[in-house]
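A short write-up of the structure that comes next.
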Amino acid sequence: MTSDNTTLDASAPRLEADTLLDDPHTRIVVCCGSGGVGKTTTAAALGVRAAERGRKVVVLTIDPARRLAQSMGISELDNVPRQVKGVDESAGGELHAMMLDMKRTFDEIVEGHADADRAHAILENPFYQSLSAGFAGTQEYMAMEKLGQLRANDEWDLIIVDTPPSRSALDFLDAPKRLGSFLDGKFIRVLMAPAKVGGRAGMKFLNVGMSMMTGTLSKLMGGQLLRDVQTFVAAMDTMFGGFRTRADATYRLLQAPGTAFLVVAAPERDALREAAYFVERLAAEQMPLAGLVLNRVHGSGAAQLSAERALAAAEALTDRMAEDTHADTPAHADTESGAAPDATAGPAPAPDRAENNLEATGIVDLDGGKAGSRTADGLSPAAAEHATPTPASAAQLAAGLLRLHAERMQVLARERRTRDRFTALHPEVPVTEVAALPGDVHDLAGLRAIGDRLALNPTDTDNR
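Take the sequence shown: its position 416, counted from the start at 1, is 415 in numbering that gives the first Met the number 0, and no numbers get skipped.
Pasting the structure below:
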């Protein structure tokens, strides 16, 4: 692979990935960004690099895709951190990985904060089962819960979080407030009211004060669903405050100095527009932004040859080939020899078919055919094997390569313009560029290569 130098301007602040990973005060790194920009791969590569530099790391992915497990050589990830084998632990580090199971995490919260009978009632409640498996914001809320659990456990000194793939990835920040508002909201308090009043007074309140509302809700939700919701709310009554308390604590943890947000983007207009949105939103939420990882940046080992010069050279070669072809073509040529036919000559003798391995229908023995023999389609396989490229074919190849180079240089220029627009809008944001790999990342070696590129200095050269 040719040399691919990063293209960051000297004036742009640079994100020093190794400095971030080596800092013992960095305890949480959150990778966020739009879908398809390589967040999962970046999170895994950071985990591998940090572990091999001596940190005890756990990578938590919220992305339901299995790419993280596959790249780390693990058959399957679940809600329990699993150690990754094959990581160089000579520096004293370790790498673990897990994938969020939001329902299991919700179940663990219930089991940890309710007695056995109440926990059983909640876990078997149909409304709870729907809420824990698919309520809007539950996945992000449970990610916050799991992050809080990992941090409180203090078993790992670095937690790397891979957030969901979409613009709504910052629902990771909103979900605790949204779910907390739902659990503390007027609707839930109304449903809790009969249970809180209790006895006849409660029944009287339910029959008189809520008859119209429950009748409407029964029509909208169905009577059984409404009863399931009320049963769930009554069972969860003592736990609602805990949800809000833990969510607030995790939110403050994300704002703490030991946390670093990395925005991951591709050098494309839409992806960097989303990155700008993330940067602005994180600033508004007072979240500590470490910088931007610009992923899959293209490079060239012949950047001194511009697209314009390459195209001009390709056109010159094409014109020269056309001129040579025209000059070398006689006005009247015999098919084989190029000589004008002799009208006085008699008919040419028939070829010896046995000598040339020919029958009336064509070649009968290709392997035994003579190297100089021809078929209707051109040279025989034996002749083609020993044929050398003509000057015209070499020129065609050179022209094609020049055009490919021109396309690559146009891609580089477009990526540079897009990046420069972002850095002009956010000059304070440190940036690092990750050169594109020639293939997909599917193992630890690929993750190490990404990690190397994350830490590459602008003046360094990648000769892999």
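Glycine included, C-beta positions come from ideal geometry on N, C-alpha and C.
Run the CB neighbour count on residue i, radius 10 Å, all protein chains shown included, and call it buried at 16 or more, exposed below.
i, result
"D161", "buried"
"L20", "buried"
"A434", "buried"
"R416", "exposed"
"S89", "exposed"
"V296", "buried"
"H95", "buried"
"L396", "exposed"
"L400", "exposed"
"G245", "The identity of residue 245 in the sequence shown is Arg, whereas the question assumes Gly. Buried, because 16 or more other Cβ atoms sit within 10 Å of the Cβ of R245."
"E139", "buried"
"A151", "exposed"
"G46", "buried"
"R251", "exposed"
"E144", "buried"
"A412", "exposed"
"A111", "The question names Ala, yet the displayed sequence has Gly at residue 111. Counting Cβ neighbours within 10 Å, G111 comes out exposed, since fewer than 16 surround it."
"A289", "buried"
"V228", "buried"
"T324", "exposed"
"V79", "exposed"
"G450", "buried"
"E273", "buried"
Hey, quick one: how far does the beta strand (DSSP E) through residue i stretch, first residue to last?
i, result
"H112", "From DSSP, H112 is part of no beta strand (DSSP E) but of the alpha helix (DSSP H) over M101 to H112."
"I27", "I27 to C31"
"D451", "Unbroken run through D451 is the alpha helix (DSSP H), L443 to L453; no beta strand (DSSP E)."
"D161", "L157 to D161"
"M97", "E93 to M98"
"R295", "L288 to V296"
"V262", "T258 to A264"
What residue range is occupied by the uninterrupted alpha helix (DSSP H) comprising residue i?
i, result
"K38", "K38 to E51"
"T18", "A16 to D21"
"V278", "R268 to A283"
"G147", "T137 to N152"
"C122", "First, the residue type needs correcting, since residue 122 is Leu and not Cys in the sequence shown. Element bounds for L122: A115 to E123."
Please state whether DSSP places residue i in a helix, a strand or coil.
i, result
"K84", "coil"
"H325", "helix"
"G208", "The predicted position of G208 is uncertain, since its pLDDT is 43 and thus under 50; a value taken from the coordinates is nonetheless stated next. Here G208 sits in helix by DSSP."
"V232", "helix"
"R54", "coil"
"L76", "coil"
"L304", "coil"
"L59", "strand"
"E427", "coil"
"L252", "helix"
"V440", "coil"
"A11", "coil"
"A434", "strand"
"S129", "helix"
"H24", "coil"
"G35", "coil"
"A90", "coil"
"A408", "Sequence inspection shows Met at residue 408; the Ala mentioned does not correspond to that position. M408 falls in the helix class under three-state DSSP."
"M320", "helix"
"S392", "helix"
Can you list, in chain order, the residues of its chain with a C-beta nearer than 7 Å to that of residue i? Leave out the 5 residues immediately preceding and following it.
i, result
"I73", "R81, V83 and A96"
"Y127", "I121 and F231"
"Q285", "Q254"
"G214", "Summary for G214: the model assigns pLDDT 48, below 50, so the residue's position carries little reliability; its value from the coordinates is reported in the next sentence. Closer than 7 Å at the Cβ level, and outside the excluded window around G214, lies no residue."
"H441", "Q69 and S70"
"E414", "P266, V296 and H297"
"A484", "Nothing about residue 484 can be reported from this structure: the residues present for the chain run from 0 to 463 only."
"D109", "Going by the sequence as given, residue 109 is Val instead of Asp. If we look at V109 and ignore the five residues flanking it on each side, its Cβ neighbours are A118, I121 and L122."
Could you name the residues of the same chain whose beta carbon sits closer than 6 Å to that of residue i, not counting the 5 residues immediately before and after it, in chain order?
i, result
"A454", "A16 and D17"
"L271", "A264, T417 and F421"
"I159", "V28, A42, L45, G46 and V58"
"D87", "E51"
"L157", "A49, R54 and V56"
Among residues of its own chain, excluding the 5 on either side of residue i, which ones have a beta-carbon nearer than 8 Å to its beta-carbon?
i, result
"A68", "S74, E75, L76, A96 and M98"
"D106", "L122 and S131"
"G147", "R245, A248, T249 and L252"
"G92", "A49, A50, E51, R52, G53, R54, K55, V56 and V86"
* Asked: Would the region 254–271 and the region 32–43 be scored as touching if the rule is three or more Cβ pairs under 8 Å?
  -> yes
* At least three beta-carbon pairs within less than 8 Å, the region 390–408 to the region 301–319 -> yes
* Evaluate the contact criterion for the region 420–436 versus the region 264–280: three or more CB pairs, one atom per stretch, below 8 Å. => yes
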